[in-house]
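Residue numbers for the sequence shown follow this note's numbering, beginning at 3 and rising by one.
For every residue, glycine included, the Cβ atom is placed at its ideal position computed from N, Cα and C.
The block underneath contains the structure these notes are about, expressed in structure tokens.
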Amino acid sequence: MAEQPPPGIDTSVATAARMYDYYLGGKDNFAVDRDAAERVLSAAPEVRPIALENRRFLQRGVRYLAEQGVTQFLDIGTGLPTQGNVHQIAQAHDPAARVVYVDNDPIVLVHARALLSSNSATKVVTADLRDPDAVLGSASELLDLSRPFALLMAAVLHFVPDSDRPHELVAGYREVLPSGGHLLVSHVTGDTRPQSSAGAAAAYRNTRNPATLRTVEQIAGFFGDFDLAEPGLVPVPRWRPDSPVPSDAEDIWMYGAVGRKP
Ligand SMILES: C[S@@+](CC[C@H](N)C(=O)[O-])C[C@H]1O[C@@H](n2cnc3c(N)ncnc32)[C@H](O)[C@@H]1O
């Protein structure tokens, strides 16, 4: 495990990026993150399979989008690099695919830059999704935002509290997307397994990224009038599975969908 933090990285408070890295078996986390993650896991042991299933959903979603001809991706709330990152999947389909990664945790930049140093079709930026001008300004340095692109918001919007008006923020991003552009979202819900999901959310309270559970209806609201690809908004293991769906798919209180702007 990485115990010597890179310069400028605060290891006094757990962060969602590093806790997620821990759930996925990564090494870019610190004692404070592992302690917080263990508190989450003791409230809700299914959080680890949820993280894994969310990652698989994102990968299937990117493959689906690449097959639809998408060659530009704006991935907001990227997380730490792991296996099967967005650019690897997109560029396996089309080597010219371009990806901009955005995260507000500076540790993502440190690790992603090292991974991407030789890849001129990708860019990684430290910015906050609540500052769309900064996000889109940086993205436009690599992507042509006047042409359709895919906006990826996997497992990030639950870190935006209601007081920051996440639905208005996402509506603003939908507006910027040209017709034919796509939005991928995954998000935790308290509609299923309310007790353990609430326990997990409570355990995030003392981290840098408190989490907000939302109803499936509220999650659907992020898509506005976009046309959802089959099968719609579902627990992530049920979204276009490419292997048998686990029997405990209903325990996965992370919902996801991909929508297309009419
Ligand atoms: C659970 S990880 C998800 C990683 C990846 N999208 C995935 O689904 O595998 C959530 C990420 O969102 C980032 N994040 C949280 N709030 C954010 C914000 N306001 N702006 C940008 N990134 C944010 C965190 O730093 C973290 O890396």
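Is residue i close to ligand 1? I mean its beta-carbon at under 6 Å from any heavy atom of the ligand.
i	result
L131	yes
G28	no
N211	yes
A2	Nothing can be reported for residue 2, as the shown portion of the chain is limited to 3 through 264.
N106	yes
R57	yes
G81	yes
A265	Shown here, the chain extends from 3 to 264; a query on residue 265 therefore has no answer.
A157	yes
Y22	yes
F161	yes
L60	yes
Just to confirm the assignment, what range does the beta strand (DSSP E) spanning residue i have?
i	result
G27	First-last for G27: undefined, no H or E at that position.
V260	256 to 262
On the three-state DSSP scale, how would you describe residue i?
i	result
A222	helix
A231	coil
R216	strand
A19	helix
A46	coil
A129	coil
P8	coil
V64	helix
P196	helix
P237	strand
V137	helix
V247	coil
Under 7 Å, Cβ to Cβ, is there at least one residue of chain C near residue i?
i	result
L230	Among the chains in the structure shown there is no chain C, since it carries only a single protein chain.
Residue ranges of each alpha helix (DSSP H) within the stretch 154 to 187, 4 or longer: 168 to 178
Complete runs of the alpha helix (DSSP H) confined to the stretch 70 to 123 [at least 4 residues]: 88 to 95, 108 to 118
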